[in-house]
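Q:
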Amino acid sequence: MNSFSELSIDPRLVSALEKRSITVPTPVQREVIPALLAGENLLFQSETGTGKTFCYLIPALMKCALAAKDQSPVTLIVAPTHELASQIKSEANVLSKDSGIDASATLCIGGAPLKRQIDALKEKPAIVVGGPARIIELIRMKKLKVGGIRMVVLDETDRMLAPEMRDMIRELLSILPREAQYVACSATLSRYHASLIEKMIPEPPKPAADADSAVDASHAAITPPAAHAHYRIRMINLPPEDVLKRNIEHWAFFSEGRDKIETLRKFLIAERPGKALVFTAIAGQVENIAAQLNYKKVPCSALHAKLDKIGRKKAMDDFRAGRTKVLVTSDLSARGLDIPDVTHVIQLDVNENEDFFVHRAGRTARAGKSGINVVFGDEFEMKNLSKIEKRLGIVINPKVLYGGAVRTPVQDGEEEL
191 MNSFSELSID PRLVSALEKR SITVPTPVQR EVIPALLAGE NLLFQSETGT
241 GKTFCYLIPA LMKCALAAKD QSPVTLIVAP THELASQIKS EANVLSKDSG
291 IDASATLCIG GAPLKRQIDA LKEKPAIVVG GPARIIELIR MKKLKVGGIR
341 MVVLDETDRM LAPEMRDMIR ELLSILPREA QYVACSATLS RYHASLIEKM
391 IPEPPKPAAD ADSAVDASHA AITPPAAHAH YRIRMINLPP EDVLKRNIEH
441 WAFFSEGRDK IETLRKFLIA ERPGKALVFT AIAGQVENIA AQLNYKKVPC
491 SALHAKLDKI GRKKAMDDFR AGRTKVLVTS DLSARGLDIP DVTHVIQLDV
541 NENEDFFVHR AGRTARAGKS GINVVFGDEF EMKNLSKIEK RLGIVINPKV
591 LYGGAVRTPV QDGEEEL
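With our numbering, you'll find the sequence shown wraps up at 607, consecutive numbering, no jumps.
1. When you compare only the Cα positions, how much space is there between valine 600 and valine 585?
2. Assuming isoleucine 423 and tyrosine 382 are in contact, meaning their beta carbons sit under 8 Å apart, how far apart are those beta carbons, in whole angstroms?
3. So if DSSP puts aspartate 345 in a beta bridge, which residue, or which two residues, is it bridged to?
4. Within 10 Å of its beta-carbon, does glutamate 461 have 16 or more other beta-carbons around it, so buried, or fewer, so exposed?
5. Answer with buried or exposed for tyrosine 485, where buried requires no fewer than 16 other C-beta atoms within 10 angstroms of its C-beta.
6. When the Cα of leucine 467 is compared with those of Gly241, His534, Glu452, Gly526, which residue comes out closest?
7. With DSSP collapsed to three states, give me the class of valine 268.
8. Looking only at its own chain, which residues have a Cβ that is under 6 Å from the Cβ of alanine 282, when we skip the five neighbours before and after it?
9. Measure the beta-carbon distance from asparagine 437 to lysine 559 and round it to whole angstroms, keeping in mind my assumption that it falls under 8 Å.
10. Starting from phenylalanine 469, trace the beta strand (DSSP E) in both directions and tell me its first and last residue.
11. Helix, strand or coil for serine 576 per DSSP?
12. Between the stretch 382-391 and the stretch 220-239, are three or more C-beta pairs nearer than 8 Å?
13. Can you find at least 3 beta carbon pairs, one from the stretch 329-345 and one from the stretch 248-257, that sit closer than 8 Å?
14. Determine contact between the stretch 216-227 and the stretch 360-368, defined as no fewer than three beta-carbon pairs at a distance below 8 Å.
15. Is leucine 426 helix, strand or coil when you go by DSSP?
16. Please go through the stretch 200-234 and give each complete alpha helix (DSSP H) segment of 4 or more residues, from N-terminal end onward.
17. Which complete beta strand (DSSP E) runs does the stretch 503-528 hold, if anything under 3 residues is left out?
18. Any contact between the stretch 273-287 and the stretch 319-326? By contact I mean 3 or more CB pairs, one from each, below 8 Å.
19. Classify glutamate 439 as helix, strand or coil using the three-state DSSP reduction.
20. Let me make sure I understand the geometry here. Which of Val565, Asn587, Ala557, Phe566 has the alpha-carbon closest to that of threonine 216?
21. Going by alpha carbons, who is nearest to glycine 229 out of Glu369, Asp539, Thr598, Gly567?
22. Return the bridge partner residues of glutamine 537 from the DSSP annotation.
23. Looking only at C-alpha atoms, which of Pro270, Arg360, Leu226, Pro353 sits nearest to serine 198?
24. Exposed or buried, which one is proline 270 when buried takes at least 16 other CB atoms within 10 Å?
25. Are isoleucine 326 and methionine 358 close, meaning C-beta to C-beta below 8 Å?
26. Between the beta-carbon of alanine 473 and the beta-carbon of serine 520, is there less than 8 Å?
27. For phenylalanine 547, which residues in the same chain have their Cβ closer than 6 Å to its Cβ, ignoring the five residues on either side in sequence?
28. Determine the closest residue to isoleucine 426 out of Asn231, Arg210, Met506, with distance taken between C-alpha atoms.
29. Taking the C-alpha atoms as reference points, what is the distance between alanine 310 and alanine 206?
30. DSSP beta-bridge partners for phenylalanine 444?
31. Give me, in chain order, the residues of the same chain whose beta-carbon lies closer than 6 Å to that of valine 516; leave out the 5 immediate sequence neighbours on both sides.
32. Would the stretch 432-446 count as touching the stretch 560-568 if we require 3 or more Cβ pairs under 8 Å?
33. Are the CB atoms of cysteine 375 and lysine 253 nearer to each other than 8 Å?
34. Which residue from Pro463, Gln537, Asp508 puts its Cα closest to that of threonine 470?
35. Could you check whether glutamate 354 and arginine 525 sit closer than 8 Å to each other, using their CB atoms as the reference points?
36. CB-CB under 6 Å to methionine 572, same chain, minus the five flanking residues each way: which ones, in chain order?
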């Protein structure tokens, strides 16, 4: 299938995509969209930057187009961070506007005025996007009516199935309609995640007994079950498109922990990135790193969970618009974000779990562009990085800073040019 029209998509949505020069579906879109249009519950995994958001937004808008206005909301999309939820909501509204489908989306996240969100829900939006805690709160207050919901989406599912969020997701799913379609996705998913979701999503209502269609028990015992009848959610695991190999160049710099901020400063001055996203695993260090860089005349912004909504929005808006070329953030804050034209991703630490590496690196080289993924690590972290390199089948090139420039280190027996 080389066009969206071949996927049985509403022509209005095909035209809306064409306005944005999106004409050929990605492999994950070719696989997932027809399955969702057929009503399947799906858990799907695909690399970052492969168009997962459109996989569920297109079927969601088609459901909204068929639903009566008094059924609103029709779709509930849950995301682990404010920034990702806001991005999804904006994408849904742009697609709705460009297609002419009346399916407005509203945002329900913590840290924002509750009254304003309650007033927005009174307008009966077709799509609600938000964080699990605020959505549960609004449902408990009876301000968010869930009876008409026909599709539930969990974006960045692996993050929301982490131990600290798992109980909240379980509670949310327990109060949603049993007959809704359930969709979950991320760049890194496993059978373990599939088993967790399988246990959490509600059992679909059993069809009313029909005497005319009753089947003799002995006959049923030898009749093969219908396709996918043994599960409530099917997992689609797309083979890697090798974005990490083909479009991203990987660099590694040795740096002791106490020297990393200074090494980062020197790197930013030497490389002059067009737009650099700097990751640290320690959320409490985000503000400190940004403050030290700004103090040393390297302008940057900080994005972390303790910032209020206005501060977080300003940091993101400045970075997206290019007013700030460096954004320091934690893993949670930047999870799933699609920020255009990120030329460099800089990882200030190495987790032995490659999922962190993949999600971080995937913020660059999006939409077919190329990018550079840079890792700073001490001796222990470099050992972990070597393991990740082997598991992912990528090549990470050692680099050094010398003479105010990024250079390849001289090997024994080589002459320095």
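Ideal Cβ positions, reconstructed from N, Cα and C, are used throughout, including at glycine.
A: Looking at the atomic coordinates:
1. Cα to Cα, valine 600 sits roughly 18 Å from valine 585.
2. Not really, about 14 Å apart at Cβ, beyond 8 Å.
3. Residue pairing by DSSP places aspartate 345 opposite Cys375 in a beta bridge.
4. With 16 or more Cβ atoms within 10 Å of its Cβ, glutamate 461 is classed as buried.
5. In this structure tyrosine 485 is exposed. Its beta-carbon is surrounded by fewer than 16 other beta-carbon atoms within 10 angstroms.
6. For leucine 467, the nearest C-alpha among the options comes from His534.
7. The answer is strand: DSSP assigns valine 268 an E or B state.
8. The residues are Leu247, Ala295, Ile317.
9. Asparagine 437 to lysine 559, Cβ: 7 Å. Contact.
10. Taken as a continuous stretch (DSSP letters only), the beta strand (DSSP E) holding phenylalanine 469 covers 466-470.
11. When secondary structure is reduced to three states using DSSP, serine 576 falls in the helix class.
12. Result yes; three or more Cβ-Cβ pairs closer than 8 Å.
13. Contact annotation: the stretch 329-345 touches the stretch 248-257, with at least three C-beta pairs closer than 8 Å.
14. Output reads no: the stretch 360-368 does not touch the stretch 216-227.
15. The sequence as given places isoleucine at residue 426; leucine does not occur at that position. In this structure, isoleucine 426 counts as strand in the three-state DSSP scheme.
16. Segments of the alpha helix (DSSP H) lying fully in the stretch 200-234: 201-209, 217-227.
17. Counting whole runs of 3 or more residues, the stretch 503-528 contains the beta strand (DSSP E) stretches 516-520.
18. Yes, the stretch 273-287 touches the stretch 319-326.
19. Judged by DSSP in its simplified three-state form, glutamate 439 adopts strand.
20. Nearest of Val565, Asn587, Ala557, Phe566 to threonine 216, Cα basis: Ala557.
21. Taking only the C-alpha atoms, the option nearest glycine 229 is Glu369.
22. Bridge partners of glutamine 537: Phe469, Val565.
23. Nearest option by C-alpha distance: Leu226.
24. That one is buried.
25. Contact: yes.
26. The answer is yes: Cβ separation under 8 Å.
27. Result list for phenylalanine 547: Ile578, in chain order.
28. When each option's Cα is compared against that of isoleucine 426, the closest is Asn231.
29. Rounded to whole angstroms, the gap between the alpha carbons of alanine 310 and alanine 206 is 25 Å.
30. Beta-bridge annotation (DSSP): phenylalanine 444 is paired with Gly567.
31. Correct list, in chain order: Ala466, Cys490.
32. Output reads yes: the stretch 560-568 touches the stretch 432-446.
33. The beta carbons of cysteine 375 and lysine 253 sit no closer together than 8 Å.
34. Residue Gln537 holds the alpha-carbon nearest to the alpha-carbon of threonine 470 among Pro463, Gln537, Asp508.
35. Not closer than 8 Å, so no.
36. Correct list: empty, nothing qualifies.
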